[in-house]
Amino acid sequence: MKYLRYRLLRLIPVFFLVTFASFALLNILPGDAADAILGGADGTMDNPESIVEVRNELRKELGLDRPIIIRYFSWLGGVLQGDFGESYVQIAPVWELLMERLPVTIELLILAQTLALLIALPFGVYSALRADKTVDRLISTVTFGIVAMPPFLMAILLVFVFAVAWQMLPASGYFPIDEGLGKNLYHYILPATVIGLLEAPVLLRVLRVDLIATLQEDYIALAKAKGMSTGYILFRHALRPSSFTLVTVLGLQFGFLISGTVIIEQIFSLPGMGKLILDAIDNRDSMLLQGGVTLIAIAYVAINLVVDMLYAVLDPRVGHNARARS
Amino acid sequence: MKNIFLSKGFRNLQRGAFIAGALTVGYALAGVDPVDAAPKKGGTLRIAVLNDIGGFDSLKIPVTGRQRAFVMQAIHENLFDMNPDTFAIIPRTGLKAEPSDDYKRWRITLRQGVKYSNGEEMVAADYKAHFDRLLGSKFGGRFRGTLGPRLDHVEAPSKYVVDFVFSEPSPGWKTIMTLNDLLWWVRPKAYLDANKGKKTFNNNTVGAGPYMLKKWRRSSSIVLAKNPHYWDKANQHVDEIHLQILRQQISRFQALQSGQMDFIWVPPWLADDAQKDKRLVVTSGPNFFAGLGVAFNQSHPTFKDIRVRKALIHALDRDPLRAVITKIIEKAPTHMYAPNHPWHCKGIEFPEYNPEKAKALLKEYGKPVKFTLNIVGLRDLIRVGEAFQAYWKAVGVEVAVKPGPRGPQWARAVQSRKFDVWWHNYSFNADPSLVAMNFHSKSRANIFRLKDPEVDAAIDAVKAARGRDARMKASCHLQKTLVDKALILPWEQGDVTLAYWPHVKNVIRPLSIHPKYQRIWLDK
Chain A
225 MKYLRYRLLR
235 LIPVFFLVTF
245 ASFALLNILP
255 GDAADAILGG
265 ADGTMDNPES
275 IVEVRNELRK
285 ELGLDRPIII
295 RYFSWLGGVL
305 QGDFGESYVQ
315 IAPVWELLME
325 RLPVTIELLI
335 LAQTLALLIA
345 LPFGVYSALR
355 ADKTVDRLIS
365 TVTFGIVAMP
375 PFLMAILLVF
385 VFAVAWQMLP
395 ASGYFPIDEG
405 LGKNLYHYIL
415 PATVIGLLEA
425 PVLLRVLRVD
435 LIATLQEDYI
445 ALAKAKGMST
455 GYILFRHALR
465 PSSFTLVTVL
475 GLQFGFLISG
485 TVIIEQIFSL
495 PGMGKLILDA
505 IDNRDSMLLQ
515 GGVTLIAIAY
525 VAINLVVDML
535 YAVLDPRVGH
545 NARARS
Chain B
376 MKNIFLSKGF
386 RNLQRGAFIA
396 GALTVGYALA
406 GVDPVDAAPK
416 KGGTLRIAVL
426 NDIGGFDSLK
436 IPVTGRQRAF
446 VMQAIHENLF
456 DMNPDTFAII
466 PRTGLKAEPS
476 DDYKRWRITL
486 RQGVKYSNGE
496 EMVAADYKAH
506 FDRLLGSKFG
516 GRFRGTLGPR
526 LDHVEAPSKY
536 VVDFVFSEPS
546 PGWKTIMTLN
556 DLLWWVRPKA
566 YLDANKGKKT
576 FNNNTVGAGP
586 YMLKKWRRSS
596 SIVLAKNPHY
606 WDKANQHVDE
616 IHLQILRQQI
626 SRFQALQSGQ
636 MDFIWVPPWL
646 ADDAQKDKRL
656 VVTSGPNFFA
666 GLGVAFNQSH
676 PTFKDIRVRK
686 ALIHALDRDP
696 LRAVITKIIE
706 KAPTHMYAPN
716 HPWHCKGIEF
726 PEYNPEKAKA
736 LLKEYGKPVK
746 FTLNIVGLRD
756 LIRVGEAFQA
766 YWKAVGVEVA
776 VKPGPRGPQW
786 ARAVQSRKFD
796 VWWHNYSFNA
806 DPSLVAMNFH
816 SKSRANIFRL
826 KDPEVDAAID
836 AVKAARGRDA
846 RMKASCHLQK
856 TLVDKALILP
866 WEQGDVTLAY
876 WPHVKNVIRP
886 LSIHPKYQRI
896 WLDK
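Those sequence lines, one after another, are chains A and B. Counting from 1 along the first sequence, just add 224 to a position and that's the residue number in my numbering. Counting from 1 along the second sequence, just add 375 to a position and that's the residue number in my numbering.
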């Protein structure tokens with residue numbers, strides 16, 4: 225409990241630093257939300273007659289005519305009372321918008337990470353068992369090839385093959401779960417595959433290295449001497465202690481990808497967190513950006529907390545040591 | 376063994392084939408598309424749009440916006456429409472439009488029995504309430520002059536009669552009533568009253584168009600369903616229209632190619648790819664409501680000299696530029712209006728490509744010409760800007776290309792007037808009195824700071840002219856003045872390309888970037 229409190233306290237400076245930095249940076253950029261509303265995100269604009277007066281009125285209404293520091297603390301005051309404010313451009317409560325977008329990204333990440341694990345676990349284990357053999361080298365070559373490929377290239381390639389040429393899968397778009405799970409998953413196949421394929425090699429390499437090291441431990445040799453089967457040794461005694469780095473990387477990647485899936489979300493037009501933040505920057509929508517950044521900062525800390533707790537599950541000594549320290 | 380050629384089934388098949396063949400020949404002779412002859416009802420039309428709409432309250436979003444207008448045209452219906460082939464003005468929810476002698480008042484008789492999607496009848500009081508709300512708001516000044524003539528107020532002398540009252544003559548108002556603009560997104564007075572001050576007001580709307588809002592998922596999709604009370608059921612075909620928001624142009628195109636979408640609007644740089652995909656149908660049409668050109672900021676000392684302006688126009692070879700860079704196959708505009716535009720004036724052409732003439736004019740001018748070309752940071756425009764730069768450099772002009780980010784910067788640059796040469800979207804060329812406002816010294820839409828008494832006089836004459844012939848004459852004179860003075864060089868007259876699958880029928884020739892998809896029916 226004390227440890228949890230300590231982790232939550234660490235969130236406070238992170239929160240201030242991140243939110244103020246994003247707020248200030250957005251204000252340095254030319255243009256503001258009033259320009260975005262009047263200018264149109266697609267670069268088109270209505271008749272510019274009387275645009276100056278309208279812009280001034282709009283800025284006043286949105287509170288953009290106030291100094292940046294006042295706007296920041298006004299936003300902060302709202303957040304402390306649970307009010308994230310209203311998006312300037314989307315004209316809806318920020319919290320509502322975040323809660324609409326977060327599930328899209330979370331679902332994408334769960335599917336992608338599951339796929340990545342499904343690939344990484346068997347191939348990583350097999351690669352470790354056959355270390356430095358032809359199969360291991362072949363797996364290494366393929367994984368390096370995939371890692372070297374930029375996400376957008378893989379996305380375009382998959383879209384071209386599976387959507388445009390074979391018309392098997394949708395090229396882009398999103399359907400929420402309440403409109404049918406099948407339809408929903410159908411639209412996630414390509415984006416989740418792209419992220420999953422790009423994630424898998426990293427997890428695979430990490431697992432392989434740790435597993436090779438574990439397999440050289442004395443207790444594994446002892447287990448072999450006892451006549452235990454390879455499968456039993458692997459899954460009962462070797463895999464768990466070899467999963468530390470895997471879990472750490474998985475957690476960090478999950479946190480990073482909450483906002484880092486922006487390219488994939490753009491290509492597949494998924495209305496997720498990455499796209500929300502990009503739109504907020506594009507529209508100079510500081511309210512929305514602040515909300516998004518806050519949520520991501522919280523998610524990062526929460527995920528790392530979960531990862532820390534998982535360590536204790538994987539190795540009870542970790543939990544015991546932490547308790548002893550506290 | 377049974378002879379299948381003598382079987383009853385085969386004979387029926389033969390008979391069917393004969394009838395089908397005869398009908399095809401008959402339709403061909405009659406010049407009628409056999410499929411178009413019988414519209415089918417039902418189905419879902421899937422369209423990919425580029426951006427979300429932000430909402431439905433024009434006081435929250437005081438601009439029409441390309442995507443908003445695209446969506447709203449199916450929910451709201453204009454008083455009048457324009458025939459894309461004859462340019463005749465067709466009554467829709469308005470039956471008659473009669474101007475006063477001085478063109479300062481237009482009396483509109485509404486069609487009776489038109490109902491909104493909530494079942495309420497559309498009456499004149501709704502127009503009055505709608506315009507009172509817009510004109511009485513803090514953005515009233517803008518709404519008053521949005522479409523050219525200064526609208527003073529709206530009256531409702533009787534249940535089905537609406538009067539638009541102007542502070543200046545407005546001969547082009549009937550055409551303006553056909554434009555897809557937020558002014559025409561009218562809602563019932565009772566609906567406005569019931570939702571006054573409500574936060575949710577921006578999230579929904581009620582209109583008298585063929586479709587109504589069923590679901591709106593921000594940044595994701597908009598679903599429109601049939602308006603059960605629509606007055607013109609013969610022109611209401613598909614059950615639902617799904618508008619999927621796909622922000623990348625290439626994603627929209629791929630979604631069409633994959634069969635995920637039925638119909639999209641294609642940007643000029645993708646038109647060629649669309650043509651190459653033989654599975655798709657591609658239709659193009661000039662955009663009669665807008666044009667894009669290069670205009671010179673008249674406050675810049677260099678551009679005050681007509682020789683410089685003419686030289687810059689003579690230096691550009693637009694046809695190969697358009698074909699190679701933006702992949703627009705049609706030739707560059709030579710006139711203010713395209714040849715098939717109702718206000719086209721034959722023989723009033725912009726200066727032709729002649730680099731030698733350009734060099735001679737610049738030599739005559741005698742001073743170095745140096746300026747910046749400001750462009751919106753759109754891929755194709757940047758490439759065009761760089762090509763312009765090369766052409767101008769070839770005649771000895773020093774030019775820097777300054778691309779700005781899309782959206783905010785674009786509005787800022789226009790507002791500040793801090794630019795030398797700008798890509799000008801000289802919109803609203805549906806009527807000469809509208810395009811004129813881009814050039815009049817007293818118009819706030821004159822972003823080029825043009826102060827030319829001859830141009831002002833020509834514009835005033837256009838506004839004052841009465842009757843089609845007089846207006847045409849005045850318009851031609853204005854066009855000649857603008858061309859002679861080399862104030863603008865048109866780049867494109869807003870060519871619109873649509874791409875769709877063959878099962879999509881009744882695609883009306885587009886007159887603007889808002890093709891009337893609400894009239895489409897599906898043959899599947």
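Glycine residues also receive a C-beta, built at the ideal position from the N, C-alpha and C atoms.
* To do: Keeping to the same chain, check which residues put their C-beta closer than 6 angstroms to that of residue 816 of chain B; ignore five residues upstream and five downstream.
  => 826 and 831
* Sort out for me which residues DSSP pairs residue 310 of chain A with in a bridge. => A:317
* Asked: For the putative contact between residue 395 of chain A and residue 387 of chain A, defined by C-beta atoms under 8 angstroms, what is the C-beta separation to the nearest angstrom?
  -> 4 angstroms
* **Same chain only: Cβ atoms within 7 angstroms of residue 295 of chain A, ignoring 5 sequence neighbours per side** => 287
* Asked: For residue 717 of chain B, which of B:594, B:609, B:847 and B:841 has the nearest alpha-carbon?
  -> B:847
* To do: Closer than 8 angstroms, Cβ to Cβ, to anything on chain A: give me those residues from the segment 531-558 of chain B, in chain order.
  => none
* Asked: For residue 421 of chain B, which residues from the same chain have a beta carbon less than 6 angstroms from its beta carbon, with the 5 sequence-adjacent residues on both sides left out?
  -> 617, 636 and 637
* To do: Indicate whether the contact test is met: 3 or more Cβ pairs, each with one atom in the segment 731-741 of chain B and one in the segment 858-877 of chain B, closer than 8 angstroms.
  => no
* Sorted by chain position, which residues of the same chain lie with C-beta nearer than 7 angstroms to residue 426 of chain B's C-beta, five sequence neighbours on each side aside? -> 442, 620 and 622
* To do: My understanding is that residue 730 of chain B touches residue 770 of chain B, with C-beta atoms under 8 angstroms, so please give their C-beta distance in whole angstroms.
  => 6 angstroms
* To do: Measuring only between beta-carbons, confirm whether residue 262 of chain A sits less than 8 angstroms from chain C.
  => Reference to chain C is not applicable here, since the protein chains of this structure are A and B.
* Contacting positions in the segment 492-509 of chain A - beta carbon closer than 8 angstroms to chain B -> 492, 493, 495, 499, 500, 503, 506, 507 and 508
* To do: Helix, strand or coil for residue 527 of chain B, going by three-state DSSP, please let me know.
  => strand
* Asked: For the candidate residues A:451, A:530, A:518 and A:365, whose alpha-carbon lies nearest to that of residue 244 of chain A?
  -> A:518
* To do: Please state whether DSSP places residue 505 of chain B in a helix, a strand or coil.
  => helix
* Taking the C-alpha atoms as reference points, what is the distance between residue 561 of chain B and residue 411 of chain A? -> 37 angstroms
* Asked: What residues of chain B sit near residue 321 of chain A, judged by a beta carbon separation below 8 angstroms?
  -> 593
* **CA-to-CA distance, residue 719 of chain B to residue 409 of chain B, given in whole angstroms** => Any reading at residue 409 of chain B must be qualified, since the residue scores a pLDDT of 43, below 50, and its modelled position is unreliable; the value itself is stated next. Spanning the two alpha carbons is a distance of roughly 34 angstroms.
* Would you decide whether residue 327 of chain A is buried or exposed? Buried here means 16 or more other CB atoms lie within 10 Å of its CB. => exposed
* To do: Between the Cα of residue 480 of chain B and those of B:813, B:545 and B:712, spot the shortest distance and give me the residue it belongs to.
  => B:545
* To do: Within its chain, find whatever has a CB closer than 6 angstroms to the CB of residue 231 of chain A; leave out the 5 residues flanking it on each side and keep chain order.
  => 529
* To do: State whether the segment 399-411 of chain A contacts the segment 448-461 of chain A, with contact taken as three or more CB pairs (one from each stretch) at a distance under 8 angstroms.
  => no
* Alpha-carbon spacing of residue 505 of chain A relative to residue 257 of chain A, whole angstroms -> 10 angstroms
* Excluding the five sequence neighbours on either side, which residues of its own chain have a C-beta within less than 8 angstroms of the C-beta of residue 465 of chain B, listed in chain order? -> 455, 456, 457 and 458
* **Residues that DSSP places opposite residue 538 of chain B in a beta bridge** => B:482 and B:530
* **Beta-carbon neighbours of residue 396 of chain A, restricted to chain B and to distances below 9 angstroms** => 423, 619, 621, 623, 626, 627, 629, 630, 633 and 635
* For residue 896 of chain B, the three-state DSSP class (helix, strand or coil) -> strand
* To do: For chain B, find out if any of its Cβ atoms is closer than 8 angstroms to the Cβ of residue 418 of chain A; answer yes or no.
  => no
* To do: Entirely within the segment 838-881 of chain B and at least 4 residues each: give me those alpha helix (DSSP H) ranges in chain order.
  => 843-859
* **Integer-rounded CB distance, given that residue 487 of chain A should sit under 8 angstroms from residue 425 of chain A** => Not quite, the Cβ-Cβ distance comes to about 18 angstroms (not below 8 angstroms), so this is no contact.
* Where residue 259 of chain A falls, given that 16 or more other Cβ within 10 Å makes a residue buried -> buried
* Straight-line CA distance for residue 586 of chain B to residue 890 of chain B? -> 15 angstroms
* Asked: Given a threshold of 16 other Cβ atoms within 10 Å of its Cβ, counted over all protein chains shown, does residue 252 of chain A qualify as buried or as exposed?
  -> exposed
* Check whether the segment 338-358 of chain A touches the segment 587-595 of chain B, taking contact to mean three or more Cβ pairs, one atom from each stretch, closer than 8 angstroms. => no
* Find out if the Cβ-Cβ distance for the pair residue 472 of chain A, residue 419 of chain A is shorter than 8 angstroms. => no
* Taking Cβ-Cβ distances shorter than 7 angstroms, what residues in chain B pair up with residue 324 of chain A? -> 593
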